[in-house]
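So in full-length UniProt numbering, the last spot in the sequence shown is 830, and the numbers never skip. Just so it is clear, CB atoms sit at the ideal spot from N, CA and C, and this is done for glycine as well. Please read the structure below before turning to the comments.
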Amino acid sequence: MLKNGISISSVQFDFLKLEQLYIKMDKKLILRAKNIIINENNLSANSNKNSQNFASKELLKITKNLKYLYTFVEEINVENLVFDKHKVQIYFDGKEFFVDGDLFFLKLDLKREKDELKAQIQKLFVKEYGVNIVGDLNINAKSEFYHLKARADSSFLDFNTTLSFKNGQLSYKIEDMNLKNINLLSKHIKKQTQLPKELELWLFERAKAEFYHLDFLEGFADFSKKEYYLDELKARGFAKNVSVRLDEKMTPITIPNLTINFSKQKLDFDFAKASYNGANLSGSKVYLYDLLDSKKAGIYLLIKSGAVVFDEKLANALKNYDFSLPFYQKSGKTSGSVELKIGFNENVKTFYKGDLTLSNAALSLANFNINSASVQFHNGQLNINANGVSNDFLSANLKANIDLEQKNGVFDTELLRLYYDDYFDMRNQNVKFNLDYKEAVKLYIPAWNANLNFSEGLELTLENLQIFMPYLSVAKSLGLRDIRRLHYKSRNFNDFNVSIDEASFEKRFLINAKEPYTSDSFEIQSLGGNLTLRSKSNLISATFTPALKELHFKNLTYLYEKGESEKSFALETNPYHIKIGGANVGIILLDMNKTLSFERLEASLNKAVLNASASSGKTQISFHKSPERLSLIANDMSDEFLNTFLQKNAFKEGVFNVKAEGSNDEFFEGEFEVKNTYVRDLKGINQLVSFIDTVPSLVMFRAPTFNQKGLHIQDGKVLFNRKKDLLSFTAINLNGDSVDLFGLGSANLRLNSLDLNLELKTLKSASDTISKVPILNYVILGKNQEISTNIKVNGSLDDPKFQTQILADTLKTPFNLIKNVIQLPVNLFN
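Following this line, the structure appears as structure tokens:
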């Protein structure tokens with residue numbers, strides 16, 4: 001029946017549907033059909049397989065069955081064959097074989113020569129790949145030897161291939177392959193097969209070229225034994241403009257030209273020139289090893305350079321491979337070599353080894369700069385030997401041993417200098433630092449009980465500041481003795497906050513002129529180059545800018561001691577512009593036992609020029625001092641102000657003024673003015689009064705106010721000047737109701753000696769008595785009706801001596817007595 005042919009218009013089964021089928025079997029098979037639809041239940045298990053696998057398998061089936069097709073089939077013409085959701089048109093007429101489906105298009109020209117079936121592949125187009133293949137396939141029907149020689153072309157890949165297959169053994173060779181689009185190739189491979197994640201990253205992302213060429217790739221496989229002889233797989237080629245990255249964010253290592261050699265599962269990259277961030281990496285080496293073993297595969301990098309930079313991106317990339325340092329390099333040079341052996345399997349540890357030399361390097365950690373350093377690391381251990389490590393506050397040499405796995409280490413540091421501006425300066429110390437950077441970069445310094453955290457700039461806590469006191473210049477100038485705790489925090493090492501808890505200092509100030517001010521806590525902030533300070537007690541606040549330093553005091557009295565205070569601050573060499581303000585403040589001059597108290601004080605010190613003004617009640621004081629000029633004006637001083645200054649009740653009532661003008665504090669002149677006061681407790685005046693009281697001839701002339709309320713001065717002036725050690729009184733004129741005092745003289749400040757000539761111009765109560773006796777009146781008092789006497793004052797400033805004979809000018813001096821007698825007749829009538 002088949003010999004004559006059978007026609008079936010339509011027939012349908014559960015698994016098969018046929019339409020317009022014609023089949024004939026005479027010598028060879030003839031098959032024609034409009035539609036053949038196959039619904040195989042077992043195909044459902046394969047329905048999820050991707051189309052590329054399916055196409056490959058179908059092509060392989062066709063290749064294996066070509067000899068049977070040519071031998072047993074005369075004609076096949078199936079317009080529409082549907083199976084597993086795929087549609088195919090098939091045509092064969094004994095010479096031409098044609099397959100057109102949604103997966104591929106195949107057109108063969110078949111002919112037989114003796115035992116060989118020769119199939120010329122006029123066109124094979126794999127549609128999803130976009131690959132077009134032409135070539136020749138020879139099949140030895142007797143020996144079942146298959147030999148394919150073909151050329152493949154696509155938008156991303158072209159190559160020549162030669163395949164030989166017999167008894168399950170396949171030898172293959174690909175030649176003259178050009179890979180033009182690695183991204184498109186990786187996309188197709190990822191759809192077809194699942195590679196290990198790290199291998200996929202390295203093949204298609206981290207080691208990537210713009211263009212690849214393979215001279216050849218050849219290998220052998222025995223499918224019958226399931227042996228693929230991967231160690232025998234070989235390849236050679238080259239690539240252009242290669243980029244190698246350790247992660248996606250890293251600046252790539254660039255290789256302009258690369259020679260590729262693959263042998264024994266090792267893909268070797270040979271190159272003459274490579275660079276990283278402009279640094280020459282010639283002499284470096286890269287290869288992939290055990291490439292076809294997912295458990296062992298990895299990449300080896302040997303990086304050699306004379307001027308590479310261990311920058312932030314490279315540092316972050318190495319963290320992915322268990323190589324983590326607490327810093328990266330911002331500038332400078334790094335020379336030497338680094339070996340990395342990175343396994344693609346996540347369970348394999350990274351091997352690393354390096355020997356580097358850094359020069360003039362700037363690091364991210366605390367903005368450190370390094371003049372020179374040698375760095376060696378091998379797997380988990382890192383050793384650093386650095387000289388000339390410095391930043392804005394430190395200069396040192398150091399040796400470090402760091403455990404890269406535990407992320408900790410020890411720094412043996414030769415601290416050359418640790419400093420901050422002019423406030424702190426420590427030199428030549430040997431200190432051990434303990435490093436921990438598991439979560440944040442931390443340093444602990446046992447000798448100082450200091451903790452440093454570099455996670456966000458620097459956070460520092462110190463609880464043993466006694467060791468720093470000798471190096472704190474501000475401690476010396478402020479009399480700072482100790483600080484219980486100091487906390488410092490800065491994000492950028494320019495702006496910062498400092499808390500000082502329980503600072504103790506010497507007795508330099510009194511609170512409200514009574515209680516010693518010896519402890520306080522402070523908050524300090526630096527922002528944009530401006531520093532502010534405030535004490536917890538609110539007694540002190542300050543603002544420092546680059547142009548001006550302002551200090552404010554409240555309810556404080558400064559204890560000034562000439563020698564010690566001048567050591568801590570020298571006006572002549574002051575480089576700053578300083579303003580000082582105060583409310584209810586004062587100064588105690590310890591050397592002189594004198595006190596100045598002010599309700600308000602304002603002072604401006606610009607380098608060596610000081611201007612100050614102060615007030616207390618009605619008292620107004622202004623002061624100027626510069627290298628060329630000295631000026632002091634004090635107006636309307638009260639007895640209370642002066643008595644506070646002198647620390648005694650020297651005056652009662654009155655108003656006082658002082659003026660002084662000169663070139664400096666050793667050359668000046670001035671005047672002291674007094675109005676309506678009683679002098680009560682001044683040593684010189686008291687000794688003068690005591691001296692007059694001891695003269696028997698003057699007992700009758702004592703005035704009650706002279707001793708009881710003090711020496712009353714209605715008005716007076718003292719003119720003075722100073723020339724180095726000599727203080728001269730050019731005029732003394734004090735007018736009182738008991739006595740008028742005139743004089744002049746000098747004091748030698750260096751010798752502590754005094755030389756004054758005083759004249760008691762009138763002992764007014766005695767003159768009134770004598771003037772009532774007419775003849776005695778003139779003989780004793782003379783025509784001006786006055787008693788006049790001279791007093792010599794000498795000795796020391798601390799113990800002046802008085803010498804005179806009261807009334808001697810009138811009663812015992814012949815010249816004056818005779819003169820008054822001679823002039824008596826004339827004056828009797830006046």
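Asked: Ordered along the chain, which non-local residues of its own chain (more than five positions away) have a Cβ less than 6 angstroms from that of Arg-485?; Found: Glu-463 and Asp-501
Asked: What separation, rounded to the nearest whole angstrom, lies between the Cα atoms of Asn-574 and Leu-531?; Found: 19 angstroms
Asked: By the DSSP assignment, the beta strand (DSSP E) with Phe-351 in it spans what residues?; Found: 351-363
Asked: Could you spell out where the beta strand (DSSP E) holding Asn-35 opens and where it closes?; Found: 35-38
Asked: If I measure Cβ to Cβ from Lys-234 and keep anything under 8 angstroms in the same chain, skipping five residues before and after, which residues do I get?; Found: Phe-216, Leu-217, Glu-218, Gly-219, Phe-262 and Ser-263
Asked: Given that a residue counts as buried once 16 or more other Cβ atoms are within 10 Å of its Cβ, and exposed if not, what is Tyr-517?; Found: buried
Asked: Using DSSP with H/G/I as helix, E/B as strand and the rest coil, what is Met-177?; Found: strand
Asked: Considering only residues of the same chain and omitting the five flanking positions on each side of Phe-623, which have a CB-CB separation below 6 angstroms?; Found: Ala-612 and Leu-632
Asked: Would you call the region 302-309 and the region 275-288 in contact, with 3 or more CB pairs under 8 angstroms?; Found: yes
Asked: With a Cβ-Cβ cutoff of 8 angstroms, do Thr-677 and Glu-653 count as a contact?; Found: yes
Asked: Out of Asn-320, Thr-357 and Ser-359, which one is the CA nearest neighbour of Ile-341?; Found: First, the amino acid is wrong: residue 341 is Lys here, not Ile. The option with the nearest alpha carbon to Lys-341 is Asn-320.
Asked: Are the Cβ atoms of Gly-743 and Ile-713 separated by less than 8 angstroms?; Found: no
Asked: Only counting the same chain, and skipping five residues up and downstream in sequence, which positions put a Cβ closer than 6 angstroms to that of Ala-221?; Found: Leu-170 and Tyr-228
Asked: Under a three-way DSSP split, which group does Thr-557 fall into?; Found: strand
Asked: Below 8 angstroms on the Cβ atoms is my contact criterion, and I expect Asp-636 with Val-609 to pass it. Report the Cβ-Cβ distance as a whole number of Å.; Found: Not a contact, Cβ separation roughly 26 angstroms.
Asked: On the criterion of 16 or more Cβ atoms from any shown chain inside 10 Å, does Ser-616 qualify as buried, or is it exposed?; Found: buried
Asked: Put Asp-591 into one of helix, strand or coil per three-state DSSP.; Found: coil
Asked: Return the residue from the list Glu-459, Met-250, Leu-267 and Ile-578 that minimises the CA-CA distance to Pro-546.; Found: Ile-578
Asked: So, using beta-carbon positions, are Glu-673 and Lys-717 closer together than 8 angstroms?; Found: yes
Asked: Roughly how many whole angstroms lie between the Cα atoms of Thr-350 and Phe-522?; Found: 50 angstroms
Asked: Residues in its own chain within less than 8 angstroms of Lys-648 by CB, not counting five upstream and five downstream?; Found: Asp-681
Asked: Among His-487, Lys-114 and Leu-69, whose alpha-carbon lies nearest the alpha-carbon of Phe-98?; Found: Leu-69
Asked: Do you know offhand how far Leu-734's Cα is from Glu-671's?; Found: 13 angstroms
Asked: Buried or exposed for Gly-5, going by 16 or more other Cβ atoms inside 10 Å?; Found: exposed
Asked: Quick one: what's got a C-beta closer than 7 angstroms to Tyr-420's C-beta in the same chain, skipping five residues either side?; Found: Phe-393
Asked: Using C-beta distances below 6 angstroms, list every residue in its chain close to Asn-451, excluding the 5 sequence neighbours before and after it, in chain order.; Found: Tyr-444 and Thr-461
Asked: Excluding five sequence neighbours on each side, which residues of the same chain lie with their C-beta closer than 8 angstroms to the C-beta of Lys-536?; Found: Asp-520, Ser-521, Phe-522 and Glu-523
Asked: Between the beta-carbon of Asn-337 and the beta-carbon of Gly-354, is there less than 8 angstroms?; Found: Strictly speaking, residue 337 in this sequence is Ser, with Asn absent from that position. The answer is yes: Cβ separation under 8 angstroms.
Asked: Determine, using beta-carbon pairs with one atom in the region 82-93 and one in the region 20-29, whether at least three such pairs fall under 8 angstroms.; Found: no
Asked: Here's the rule: buried if 16 or more other CB atoms are within 10 angstroms of the residue's CB, otherwise exposed. What is Glu-459?; Found: buried
Asked: Looking at the secondary structure, which residues open and close the alpha helix (DSSP H) in which Lys-709 lies?; Found: Run containing Lys-709: none; DSSP gives neither H nor E here.
Asked: Let me know if Thr-413 comes out buried or exposed under the rule of 16 or more other beta-carbons within 10 Å of its beta-carbon.; Found: buried
Asked: Would you mind working out which of Ile-8, Lys-625 and Phe-13 sits nearest Arg-32, comparing C-alpha positions?; Found: Ile-8
Asked: Is the region 192-212 close to the region 123-143, with three or more CB pairs under 8 angstroms?; Found: no
Asked: Can you check whether the CB of Phe-310 is closer than 8 angstroms to the CB of Tyr-287?; Found: no
Asked: Where do the ends of the alpha helix (DSSP H) carrying Asn-475 lie?; Found: According to the sequence provided, residue 475 is Ala. The question's Asn does not apply to it. It spans 473-478 - the alpha helix (DSSP H) in which Ala-475 sits, taken as one unbroken run.
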